[in-house]
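**Q** Have a look at this one before I ask anything.
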Amino acid sequence: MTDTSFRFAPWGEGVVAWSLMRTLILLSTALLIVGCGEKSSSEDQETGPDSRKSSSAKTKRSTAATNPVASAGEKGETDTVSISKTSRSLSDAEVERLADAAVESLSLQERDGRVYQSGESRPYSGWAKRRQESGGLAYLGHYKDGKFDGSYTEWHPDGKKKREESYKNGIPHGSFTEWHKSGEKKLTYISENGITVGTVTWWHENGQKRLEYTSKGGKKDGLSTEWHDNGQKSAEVNFEDGNQVSATYWNRDGEEIPASQEPVR
């Protein structure tokens, strides 16, 4: 299964369609894992999440398969601080316990936008996993009534965490964090019912901050700041309701440059 099937959550319009598409991709590509190795995911696009348009079978599992995160995301908080609290990281012990109880993704199939276990008539609720060829986890996610709901985590082939996010009824809801292969943080933001809200931050692979802006209703609003990988500021761009109204650019040496010489990012 290729890592590109796990490109991160949608932002703004089209989020429901994207969520269903992602479920289809997860299931269909899982069938190819026997004959396919892991591929490295392509690097992120520079424009950030707001530019992107964007699954119960009767389970006999013990309470070990209960989602410690999903229930928290059903309280309907609307402020970003409360939302972020619904998406806490699973501890290593929780991951091990939940992975032992989780079904293999190969046993799931998509029907009409929901996920079912083979031969079952009710949408699946519970944990699902896929493993790397090495045996380590590739992803561990929770479903409720056939849709992602609660915690979802991915790992790089070497076992380092790759992506961590939270869903509510199949839609991103809560904090999102992604890491470079090196282990350095790559991207953080918060979603509220599929819409990016608050501060969005990207980092270069060397750990230097790359881009930071505020999202309001899924659109850039206010000052967006970018930096070169050497730490020098590369751009300050002002937005109003997603529309650029002004911009200033600098080269890697900190010298202001005209827009026609805007640095490649």
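Residues in the sequence shown are numbered from 30 upward in steps of one, following the numbering used here.
For glycine and all other residues, C-beta sits at the position ideal for the given N, C-alpha and C.
Helix, strand or coil for ALA131 per DSSP?
**A** Stepping through the sequence shown from its first residue, residue 131 is reached at position 102. Three-state DSSP puts ALA131 in coil, outside helix and strand.
**Q** So the beta strand (DSSP E) SER275 belongs to, where does it begin and stop?
**A** In the sequence shown, counting from the first residue as 1, residue 275 sits at position 246. Element bounds for SER275: 272 to 279.
**Q** In whole angstroms, what is the alpha-carbon distance linking TRP256 and GLY227?
**A** Position 227 of the sequence shown, counting from 1, holds the residue named residue 256. Position 198 of the sequence shown, counting from 1, holds the residue named residue 227. The straight-line gap from Cα to Cα measures roughly 19 Å.
**Q** Taking buried to mean at least 16 other C-beta atoms within 10 Å of its own C-beta, is ALA122 buried or exposed?
**A** As a position in the sequence shown, residue 122 is number 93, starting the count at 1. Exposed.
**Q** Quick check on DSSP: helix, strand or coil for GLU193?
**A** Here the question's residue 193 lines up with position 164 in the sequence shown. Of the three classes helix, strand and coil, the one that applies to GLU193 here is strand, per DSSP.
**Q** Relative to the C-alpha of LEU135, which residue among ARG151, ARG126 and LYS158 is closest?
**A** Residue 135 sits at position 106 when you count from the first residue of the sequence shown. Of ARG151, ARG126 and LYS158, the residue nearest in Cα terms is LYS158.
**Q** What is the rounded straight-line gap between the Cα of PRO152 and the Cα of ASP178?
**A** By 1-based counting over the sequence shown, the position of residue 152 is 123. By 1-based counting over the sequence shown, the position of residue 178 is 149. Distance between the alpha carbons of PRO152 and ASP178 is about 13 Å.
**Q** Looking at THR182 and LEU119, is the spacing between their C-beta atoms short of 8 Å?
**A** Numbered from 1 along the sequence shown, position 90 holds the residue referred to as residue 119. Numbered from 1 along the sequence shown, position 153 holds the residue referred to as residue 182. Yes, these two residues count as a Cβ contact at 8 Å.
**Q** Can you tell me the Cβ-Cβ gap for GLY251 and ILE224, rounded? I've got them flagged as a contact below 8 Å.
**A** For the purposes of this step, residue 251 is identified with residue 222 of the sequence shown, where counting begins at 1. For the purposes of this step, residue 224 is identified with residue 195 of the sequence shown, where counting begins at 1. Not really, about 16 Å apart at Cβ, beyond 8 Å.
**Q** Could you check where the beta strand (DSSP E) with LYS245 kicks off and where it finishes?
**A** For the purposes of this step, residue 245 is taken as residue 216 along the sequence shown, with counting starting at 1. Run containing LYS245: 238 to 245, per the beta strand (DSSP E) assignment.
**Q** Just mark LYS191 as buried or exposed, buried being the case when its beta carbon has 16 or more other beta carbons within 10 Å.
**A** Counted from its first residue, the sequence shown places residue 191 at position 162. Its Cβ being crowded by 16 or more others within 10 Å, LYS191 is buried.
**Q** For GLY212, which residues from the same chain have a beta carbon less than 6 Å from its beta carbon, with the 5 sequence-adjacent residues on both sides left out?
**A** Taking the sequence shown and counting its residues from 1, the one referred to as residue 212 is at position 183. Cβ within range, chain order: LYS189.
**Q** When we look at the beta-carbon of GLU269 and count the other beta-carbons within 10 Å, is it buried (16 or more) or exposed?
**A** In the sequence shown, counting from the first residue as 1, residue 269 sits at position 240. GLU269 should be labelled exposed.
**Q** For the segment 144 to 223, which segments carrying the alpha helix (DSSP H) assignment without a break, of at least 4 residues, lie completely within its bounds, in sequence order?
**A** None, since the segment 144 to 223 contains no complete alpha helix (DSSP H) of that length.
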